[in-house]
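For the sequence shown, position 50 (counting from the first letter as 1) is numbered 49 according to numbering that gives the first Met the number 0, and the numbering increases by one without interruption. Here a beta-carbon is modelled for each residue, glycine too, at the ideal position from N, C-alpha and C. The structure appears below as structure tokens.
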Amino acid sequence: MAALSFLILTGAPSHTLRSAAEHSGILIGTAIRTQRLSELAYATTLAREFNMVEAEDAMKWEVVHPRKDSFDFSQADRVVAFAAGHNMKVRGHTLVWHRQLPAWLTNEKRSHDELTEILERHIKTVVGHYRGQVFAWDVVNEAFDEVALGRLRSTIWYDQPGIGFARQGTAYIERCFHWAHEADPEALLFYNEAGAQAINPKSDAIYAMVRDFKHRGVPIDGVGFELHISGLHPDIASISQNMARFTALGIQVHITEMDVALQVDSNGNATPQDLQRQAAIYRELASVCLRYPGCTAIQTWGFTDKYSWIGSHSGNRQGAALLFDSQYRPKLSYEALRDTLGRER
Ligand code: G3I
């Protein structure tokens, strides 16, 4: 019976994303929603297909730090326990972001010193809680502006009021990496960003920051390229060039939040042509990653179209962005990704 359930969970060797990724020596991960782990199809698909997980929301401030003086790890602990039970790695997301912050933090005016103390304690408590269990952290998330590309975003942590380094550019980010490193010297520490996968002013600014950090011994190990793709025409050559320059700095790149949003009808269905194009994009982007030994993980932002932030956040005519349809049937995108990962690097 135990052997049978093992077979059900892991599938035949060459027929899953997980086995294909193990073949090419890359991690294949996905973001997960804790409350869905009790759904059988969700949990079995997850365990069968992936060897890495990340909490979509459960490790964010509003969940783990709901009151100033107390932390609540109950949801996030379930993610870590699921991963441990299925021999999966855990990426942590995220310690410093301007969204999903608890009201107790944002509702009151605070001094630089008070905010510094709160942030240091948050980072050290969360990283410390998962020391040895979370192998990589998105320490700082989306700190560069979406409009004024190349500039730091104005946030509570940077300059509103900020932790006290507002005239020193990326110095506040640097502090956060040091705190995380002190809490778990073995964890890999990442800077994670949206819209920085191709060469553009934002990725130029991040590149300059990472090069500077590496040069001065700031403990940064990698950069996460989110890869939320919409529009069906990502600039693959530019993404490849960008991946080349980042990995040449001696850091790792993780693809952290991949999805490819499609136009959908009122039933959530995309056209066959778009589903084919989507598969080609998954294939092309996975091939770019495999080209560079420093690209060590590919992660999708969810895995079933049943549960995806696309649609709920990015407009109601977008959807169908992931690898499995809403009935957990593998899509063309799944086959494209699995077949690409199954090749030798
Ligand atoms: O907190 C309430 C919760 O109490 C309530 O039960 C629930 C009911 O709808 O709403 C709650 O919060 C929602 C939260 O997800 C948890 O489900 C928020 O309204 C909703 O805005 C939030 O969305 C998340 C979003 O980040 C917030 O910016 C998405 O799930 C998550 O996929 C998305 O993920 C981000 C990455 O962290 C960073 N990169 C971009 C990516 C996509 O936006």
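Helix, strand or coil: how does DSSP classify residue i here?
| i | result |
| --- | --- |
| I27 | strand |
| V125 | helix |
| A236 | helix |
| E55 | coil |
| E256 | strand |
| Q277 | helix |
| K108 | coil |
| Q34 | helix |
| T295 | strand |
| R150 | coil |
| Q317 | strand |
| F72 | coil |
| R344 | coil |
| F81 | helix |
| F164 | coil |
| A195 | coil |
| R210 | helix |
Excluding the 5 residues flanking residue i on each side, which residues of the same chain have their C-beta closer than 7 Å to its C-beta?
| i | result |
| --- | --- |
| H64 | F70, P101, H121 |
| A11 | Unreliable positioning characterises A11 in this predicted model, as indicated by a pLDDT of 43, which lies under 50. The coordinate reading is nonetheless provided below. If we look at A11 and ignore the five residues flanking it on each side, it has no Cβ neighbours. |
| Y171 | W156, Y157, G161, I162, F164 |
| Q132 | V79, V89 |
| A197 | D234, S237, I238, N241 |
| F72 | V63, H128 |
| I27 | L16, R17, A20, F49, N50, M51, I297, L340 |
| L148 | N199, P200, K201 |
| K330 | L274, L322, F323, D324 |
| W178 | E119, I122, K123 |
| T115 | I162, G163 |
| R316 | Q262, V263 |
| L67 | Here the sequence assigns Lys to residue 67, which means Leu is not the residue at that position. Answer for K67: W103, listed in chain order. |
| Y306 | R32, R35 |
| Q159 | S153 |
By Cβ distance below 6 Å, which residues in the same chain neighbour residue i in space, the five residues on each side in sequence not counted?
| i | result |
| --- | --- |
| N191 | D137, N140, G223, T255 |
| S202 | A195, N241 |
| A335 | A278, Y281, R282 |
| E225 | A193, T255, E256 |
| A82 | V52, V89 |
| E113 | none |
| R130 | D183 |
Could you tell me which residues DSSP puts in a beta bridge with residue i?
| i | result |
| --- | --- |
| G221 | F189, Q251 |
| F323 | T303, P329 |
| S229 | A260 |
| W136 | G91, L188 |
| T337 | For the record, residue 337 in the displayed sequence is Arg; it is not Thr. R337 pairs with nothing; no bridge assigned. |
| R66 | S69 |
| F143 | L151 |
For residue i, I'd like the list of residues in its chain whose CB is within less than 8 Å of its CB, leaving aside the five on either flank, ordered along the chain.
| i | result |
| --- | --- |
| K213 | I219, L248, G249, I250 |
Given a threshold of 16 other Cβ atoms within 10 Å of its Cβ, counted over all protein chains shown, does residue i qualify as buried or as exposed?
| i | result |
| --- | --- |
| T169 | buried |
| A207 | exposed |
| E185 | exposed |
| A40 | exposed |
| T105 | exposed |
Touch check for the region 154-168 and the region 181-200: three-plus C-beta pairs under 8 Å? no
Report yes or no: do three or more beta-carbon pairs, one from the region 266-273 and one from the region 236-248, lie closer than 8 Å? no
Counting beta carbon pairs with one atom in the region 38-53 and one in the region 87-106, are three or more of them shorter than 8 Å? yes
Does the region 320-329 touch the region 285-303, meaning 3 or more C-beta pairs lie closer than 8 Å? yes
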